[in-house]
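Student: Heads up: the sequence shown begins at 182 in this note's numbering, then just goes up one per residue. Even glycine gets a Cβ: it sits at the ideal position worked out from N, Cα and C. Computed from a prediction, not measured in an experiment: that's the story for all the values here. There's a structure below that I have some questions on.
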Amino acid sequence: MSTDTDQKREIRLAAGDAELTIHPTNGCRVGSLRVGGTELLRQGDRYGCFPMVPWAGRIGLGRFRNGGETHQLPLNSPPHAIHGTGRDTSWRTARKGASEAAFTYELADPWPYTGRVTQLFELTGDSLTLTLGVETYDDSFPAQAGWHPWFLRHLDGSTADEDAVRLDFSPEWQEERGDDHLPTGRRVEPRPGPWDDCFGMPDGVDATLTWPGRLELKVTSTAEWAVVYDEQAEAVCVEPQTGPPNGLNTAPRLVTPIDPLEIRATWSWRRL
182 MSTDTDQKRE IRLAAGDAEL TIHPTNGCRV GSLRVGGTEL LRQGDRYGCF PMVPWAGRIG
242 LGRFRNGGET HQLPLNSPPH AIHGTGRDTS WRTARKGASE AAFTYELADP WPYTGRVTQL
302 FELTGDSLTL TLGVETYDDS FPAQAGWHPW FLRHLDGSTA DEDAVRLDFS PEWQEERGDD
362 HLPTGRRVEP RPGPWDDCFG MPDGVDATLT WPGRLELKVT STAEWAVVYD EQAEAVCVEP
422 QTGPPNGLNT APRLVTPIDP LEIRATWSWR RL
């Protein structure tokens, strides 16, 4: 059983030589993942790896429909709403062990529906499995979920080009991005980066990040979409999510009392 003190402090998990730090009061984000003492995530209150829920990416003009109702969300990335409310929320620690922990928060304003979000972390010596679930208490509503990790481009402060992370993935398609940063609805052949783009992987997300001579990390997920963002010098983002940007409008997935939404992703690594 958690206490008030548990809610305020960071949560640390360990397995083998892997160490994970979670910040429940800062959006239940992963603040740090260290393997053999080496940090893999960009540091800072806005970075690490945060959950995107109850939507992922941008929602056009912050508006979405559910049946005959239109809802307006705050425009936290004008002219759009972006990345959900979970990253700006304090989560409750539901349970914690040496290498696994679970957290929840209650959906509330500005999200117009009631429900619960659950996030589970399971750490081993060579992997981290993350699970997000969204359930409703009453009305059905469209929702999305996913994660936004900021993997370091260079490890241990290196700036050499030959040390930079290499990203390998083979999507079936790329969602064409319009000038408004939303998918146009057209699926195109994958194009070369740099990217701030959504890709379709109908057999599940599968991407590999390789720091030459150091570490290989695979991102796999039950989700069929991933946004890849590599336009910053410090980090590369591979973001598994249950639908494309603006998906509350274009590819709604209803959460109902008998059909909650769940997404799972695994990061697995090996030394080179």
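#1: Excluding the five sequence neighbours on either side, which residues of its own chain have a C-beta within less than 8 Å of the C-beta of residue 233, listed in chain order?
#2: Can you give me the Cβ contacts of residue 188 inside the same chain, cut-off strictly under 8 Å, excluding the 5 residues immediately before and after it?
#3: Name the two residues that bound the continuous alpha helix (DSSP H) containing residue 247.
#4: From what residue to what residue does the alpha helix (DSSP H) around residue 431 run?
#5: Can you check which of these residues, 383, 334, 302 and 354, is closest to residue 210 by C-alpha distance?
#6: Pop quiz: residue 314 and residue 442 are said to be a contact at Cβ under 8 Å. What is the actual Cβ separation, rounded to whole angstroms?
#7: Which value, in whole angstroms, describes the spacing of the CA atoms of residue 296 and residue 339?
#8: Go ahead and label residue 191 buried or exposed: buried means 16 or more other beta carbons lie within 10 angstroms of its beta carbon, across all protein chains shown.
#9: Nearest to residue 391 by alpha carbon, out of 385, 373 and 348?
#10: Going by alpha carbons, who is nearest to residue 418 out of 256, 366 and 346?
#11: Where does residue 439 land, buried or exposed, given buried means 16+ other C-beta within 10 angstroms?
#12: Within 10 angstroms of its Cβ, does residue 341 collect 16 or more other Cβ (buried), or is it exposed?
#13: Drop a sphere of 10 angstroms on the beta-carbon of residue 239, count the other beta-carbons inside from all chains shown, and report buried for 16 or more, exposed for fewer.
#14: DSSP puts residue 300 in a beta bridge; with which residues?
#15: Nearest-angstrom Cα distance between residue 214 and residue 286?
#16: Mapping DSSP to helix, strand and coil, what is residue 241?
#17: Can you check whether the CB of residue 381 is closer than 9 Å to the CB of residue 353?
#18: Distance check for residue 310 and residue 424, CA to CA, integer angstroms please.
Tutor: Judging by the given coordinates:
#1: Walking along the sequence shown from the start, residue 233 turns up at place 52. Same-chain partners within the cutoff: 264, 265, 267, 268, 325, 326, 327, 328, 329, 420 and 422.
#2: The count along the sequence shown starts at 1 and reaches residue 188 at position 7. Any reading at residue 188 must be qualified, since the residue scores a pLDDT of 46, below 50, and its modelled position is unreliable; no value is offered.
#3: Translated into the one-based positions of the sequence shown, residue 247 becomes position 66. First-last for residue 247: 244 to 247, but that is the beta strand (DSSP E), not the alpha helix (DSSP H).
#4: As a first step, residue 431 must be located in the sequence shown, where it is residue number 250. 428 to 431 is the extent of the alpha helix (DSSP H) around residue 431.
#5: In the sequence shown, the residue the question calls residue 210 occupies position 29. Nearest option by C-alpha distance: 302.
#6: Within the sequence shown, residue 314 is the residue found at index 133, counting from 1. Within the sequence shown, residue 442 is the residue found at index 261, counting from 1. Sure, about 7 Å apart at Cβ, within 8 Å.
#7: Residue 296 sits at position 115 when you count from the first residue of the sequence shown. Residue 339 sits at position 158 when you count from the first residue of the sequence shown. Those two C-alpha atoms are separated by around 44 Å.
#8: Residue 191 sits at position 10 when you count from the first residue of the sequence shown. Residue 191 should be labelled exposed.
#9: Mapped onto the sequence shown, residue 391 falls at position 210. Checked all of 385, 373 and 348; the closest Cα to residue 391 is 348.
#10: Residue numbering aside, residue 418 sits at position 237 when the sequence shown is read from its first letter. Out of 256, 366 and 346, 346 has the C-alpha closest to the C-alpha of residue 418.
#11: Within the sequence shown, numbered from 1, the residue matching residue 439 stands at position 258. Exposed, by the Cβ-count rule.
#12: Start at 1 with the first residue of the sequence shown, and residue 341 comes out as number 160. Exposed is the call here.
#13: Within the sequence shown, numbered from 1, the residue matching residue 239 stands at position 58. Buried, since its Cβ has 16 or more Cβ neighbours within 10 Å.
#14: On the sequence shown, residue 300 is found 119 positions in, with the first residue counted as 1. Answer is 284 and 313.
#15: Looking up residue 214 in the sequence shown gives position 33. Looking up residue 286 in the sequence shown gives position 105. Looking at the two C-alpha atoms, the distance is approximately 23 Å.
#16: Walking along the sequence shown from the start, residue 241 turns up at place 60. Helix, per DSSP.
#17: Taking the sequence shown and counting its residues from 1, the one referred to as residue 353 is at position 172. Taking the sequence shown and counting its residues from 1, the one referred to as residue 381 is at position 200. Going by C-beta atoms, residue 353 is nearer than 9 Å to residue 381.
#18: Locating residue 424 in the sequence shown gives position 243, counting from the first residue. Locating residue 310 in the sequence shown gives position 129, counting from the first residue. Their Cα atoms are separated by approximately 20 Å.
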